[in-house]
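Residue numbering for the first sequence follows our numbering, beginning at 20 and increasing consecutively. Have a look at the structure below before the remarks.
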Amino acid sequence: MDIKLVLGDHSSLYSFARGESVLSAVEKSFPEQKRSIVAARVEGSLVDLTTVPSSEGTIELVTTGSREGLEILRHSASHIMAEAIKELYPDAKLAIGPAIDSGFYYDIDMARTLAPDDLGVIEEKMHEITQRGEHFVRRDVPIAEAVQLFKEQGDQYKVEILSEIPATTVSLYTQGAFTDLCRGPHIPSTGYLKHFKLLSIAGAYWRGDEKNKMLQRIYGTAFPSKEELAGFITAREEAAKRDHRKLGQQLDLFSIQEQAGPGLVFWHPKGAIVRKEIEDFWRAEHIKRGYEFVYTPHIANLELWKTSGHWGFYQQNMYSPLQVDEEQYMLKPMNCPFHILIYKSQVRSYRDLPLRWAELGTVYRYEKSGVLHGLLRVRGFTQDDAHLFVRPDQLNDEVKGVLDFTRHMIETFGFTKYNIYLSTRPEHSVGSDENWEMATEALRVALTEMQLPYKIDPGEGVFYGPKIDVKLVDAIGREWQGPTVQVDFNLPERFDVTYIGEDGKEHRPIMLHRVVLGSMERFFGTLIEQYAGAFPVWLAPVQVEVVPITDVQEEYAARVADRLSARGIRAKVDTRREKMQAKIRDAELQKVPYIAVVGAREASADAVAVRKRHEGDQGAMQVDEFLEKVLEDIRTKVIFS
RNA sequence: GCCGACGUAGCUCAGCUGGUAGAGCGGUUGAUUUGUAAUCAACUGGUCACCCGUUCAAUUCGGGUCGUCGGCUCCA
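The structure is reproduced here in structure tokens:
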């Protein structure tokens, strides 16, 4: 039987003997790569290499160089880890153990609580298993038989999984004395796994539901080569250096103080100036786009929050009421009801719409203690909020306008790592089907017309309307929701918001909630990680550090700094009794974009010796020329490392 | 909130099996006057997160609280 084996660009025609497996053909056809070939694709589906072909055709070989191949390797690694755990701790009950983006994990339920030191022990056992070279053997069995098997083993989680599988047969994979329920495919033998590392232990609820038992999850990773594994470890260490919490401390940007409480941010002068620059830019861009600004209070009567529905739907995120005279007041978790009150302060005509009202509104939300994370998840934050009141016929254009605005912001700040999601109608929601359809369509059309690549997040919309989320990715690859546009039919309804149409009758506007940055805190946090603390000149807390070589040049240095300051440049003179080298080092560590060194030569020539961050000495330059260069960098918002 | 780990000087960290703590950086003072990533010296600095307990004695052992970190779940 002749079958074509395809491996990347290469192919080979192979004649299979009766009962011969793909694996044996691979060993003969591609002896060089046999260790990296882990599975095969037959008629579109992935199968084990141990498969014996039953008809002629083409078989595509899958290597660990591909996404799928790597996943197979890692998934197999999780099985090997499970086998090791079962050997070490026979009472362990296994839940699920999938491959994930960065490796794999397995959730385990057992009496012993694992300590970090145990990872080494488990790893050791895994090495032992890989050296045994146990074959992964697949067996398709009737579901009842599988249930029986796992019941006998006391694997109640597997039994529970099986009870929800609709098929009549399932596949089991056995390596050595260990059998697991699995779709497969797997690597042919445990010997294929060579380069792996267990990374951490964490708690995880069974099926991610906090009502269920907390299991122990072990994270690990595996790679085809030693170099790739080492590269992954180094990349993790590098990412840790970009962590905004670490940089926030080192660069004196912000702090979160135990004395004041968790999740509450203190912006230090250097962080505050960056925020001020962001806000100035934000305001200017809003004016260009026809927005107006509003300011609203931080607290409001509980009745308002009952009207808005927050008291009902959002109470678990709101702080307890404050007693004011005989009334109860709430700290605001959102700005929307306030903007609505401004809207309702007078009768609005169809000619007034769209109204676009923006506010840097500080809100407070209760977040569970375990989810707080530096600046990325806090309890008090300032949203760069805006609400648009639009007529139905304006919805499309307004959504597009917001997306264009968002894109402009993301591009200006140089974000390269983000994902866009369109979230559709959730199970529990308000509003008519027609409204939902129209709004979802408006969002979809806007995304398409703007040529923004996005994924659908089914059922993840807010109860009052669909939304588009832009999720920014942090240094270690976690996603955080930043910019978002949400369509809302609910609040206009609840507050009976209207405008008078051409027909002289009352009509209901649609409301858009949107943020183009997210919140100042979260945006700043991701921004720090994006730049690794090396802000572009326009944002840098100190833009120019003037370094006099000896104290003889201090007066000249001060004059240079004054000239820069007079043009709005943030310049500072380092007058410490230190050697120039030490001053340069500190300025570099503080990631100051320009260092202007002044010695006797420069002082006598109205010049500065310019040093650019990370690039070193740029040579001497007239002060005026340097000044214009810095202003140009600020004006163009140029980004350099 | 839940599971686990962690909490020592402003910062980064040492401190073995209980005998009330150290280093480097920083800060202050003095000396040095220097050409592109750390000049030298002296001094300064800690209720060992907090509370309770065990003990003759607790930074060290046990319990609790608070906070941080990694996850789970949730959101800007």
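Every residue, glycine too, gets a C-beta built ideally from N, C-alpha and C.
{"Item": "Report the rounded CA-to-CA distance for Glu378 versus Ala405, giving the unit in angstroms.", "Value": "6 Å"}
{"Item": "At the level of alpha carbons, what is the spacing between Gln268 and Leu372?", "Value": "46 Å"}
{"Item": "When DSSP builds the beta bridges, which residues end up paired with Lys490?", "Value": "Asn438 and Gln500"}
{"Item": "Let me check understanding here. Comparing Cα to Cα, which of Val571, Phe508 and Val616 lies closest to Gly635?", "Value": "Val616"}
{"Item": "Could you tell me if Thr132 is buried or exposed, where buried requires 16 or more neighbouring beta carbons within 10 angstroms of its beta carbon?", "Value": "exposed"}
{"Item": "Alpha carbon to alpha carbon, how far is Thr149 from Ile658?", "Value": "48 Å"}
{"Item": "Would Pro288 be called buried (16 or more neighbouring beta carbons within 10 Å of its own) or exposed?", "Value": "exposed"}
{"Item": "Just verifying my parser: in three-state terms, what is the DSSP assignment at Lys213?", "Value": "coil"}
{"Item": "Quick check on Ile429: buried or exposed, where buried means 16 or more other Cβ atoms within 10 Å of its Cβ?", "Value": "buried"}
{"Item": "Identify every run of the beta strand (DSSP E) within the stretch 443 to 480, keeping only runs that are complete inside it and at least 3 residues long; order them along the chain.", "Value": "474 to 476"}
{"Item": "Suppose the cutoff is 6 Å on Cβ atoms and the five residues either side in sequence are ignored; what does the same chain contact list for Leu266 look like?", "Value": "Ile547 and Gly552"}
{"Item": "Determine which residues share a DSSP beta bridge with His287 and list them.", "Value": "Bridge partners of His287: none, in fact."}
{"Item": "Quick one: Cα of Val421 to Cα of Val535, how far?", "Value": "8 Å"}
{"Item": "Thinking C-beta only, is Val649 closer than 7 Å to Met640?", "Value": "no"}
{"Item": "Starting from Glu564, follow the beta strand (DSSP E) in both directions and report where the run begins and ends.", "Value": "Val563 to Pro567"}
{"Item": "Take Pro567 as the anchor and find which of Ile614, Val464, Lys524 and Ala114 has the nearest alpha-carbon.", "Value": "Ile614"}
{"Item": "Would the beta-carbon of Thr431 fall within 7 Å of that of Lys610?", "Value": "no"}
{"Item": "Checking the sheet assignment: what are the DSSP bridge partners for Trp376?", "Value": "Glu311 and His406"}
{"Item": "Check the DSSP bridge columns for Phe242 and list the partner residues they point to.", "Value": "His214"}
{"Item": "If we count the other Cβ atoms within 10 Å of its Cβ and call it buried at 16 or more, is Gln600 buried or exposed?", "Value": "exposed"}
{"Item": "Based on DSSP bridge pairs, tell me the residues matched to Glu346.", "Value": "Val343"}
{"Item": "Of the residues Val156, Tyr125 and Ala465, which one's Cα is nearest the Cα of Ala196?", "Value": "Val156"}
{"Item": "Please classify Thr467 as buried or exposed, where buried requires at least 16 other C-beta atoms within 10 Å of its C-beta.", "Value": "exposed"}
{"Item": "Report the partner residues of Tyr192 according to the DSSP bridge assignment.", "Value": "Arg157 and Asp199"}
{"Item": "Applying the 10 Å Cβ sphere with the 16-neighbour rule, what's the burial state of Tyr440?", "Value": "buried"}
{"Item": "List the endpoints of the continuous alpha helix (DSSP H) containing Gly139.", "Value": "Pro135 to Arg151"}
{"Item": "Applying the criterion that 16 or more other CB atoms from any shown protein chain within 10 Å of the CB defines a buried residue, is Asn354 buried or exposed?", "Value": "buried"}
{"Item": "Our contact map puts Thr193 next to Arg158 with C-beta atoms below 8 Å; I'd like the distance itself, whole angstroms only.", "Value": "7 Å"}
{"Item": "Under a Cβ-count criterion, where at least 16 other Cβ atoms within 10 Å of its own Cβ denotes burial, should Pro316 be classed as buried or exposed?", "Value": "exposed"}
{"Item": "Please list the terminal residues of the continuous alpha helix (DSSP H) segment that includes Asp652.", "Value": "Val642 to Thr655"}
{"Item": "Under 8 Å, with one C-beta from each stretch per pair, do the stretch 337 to 351 and the stretch 383 to 402 reach the 3-pair mark?", "Value": "yes"}
{"Item": "Can you tell me which of Arg37, Ala36 and Ser48 puts its alpha carbon nearest to the alpha carbon of His29?", "Value": "Ser48"}
{"Item": "May I have the straight-line CA-CA distance separating Gly480 from Gln334, to the nearest angstrom?", "Value": "19 Å"}
{"Item": "Go ahead and pull the three-state DSSP assignment for Tyr518.", "Value": "strand"}
{"Item": "Measuring alpha carbon to alpha carbon, tell me which residue in Arg398, Asp271 and Ser31 is nearest Asn336.", "Value": "Arg398"}
{"Item": "Looking at Thr77: is its Cβ nearer than 7 Å to the Cβ of Lys144?", "Value": "no"}
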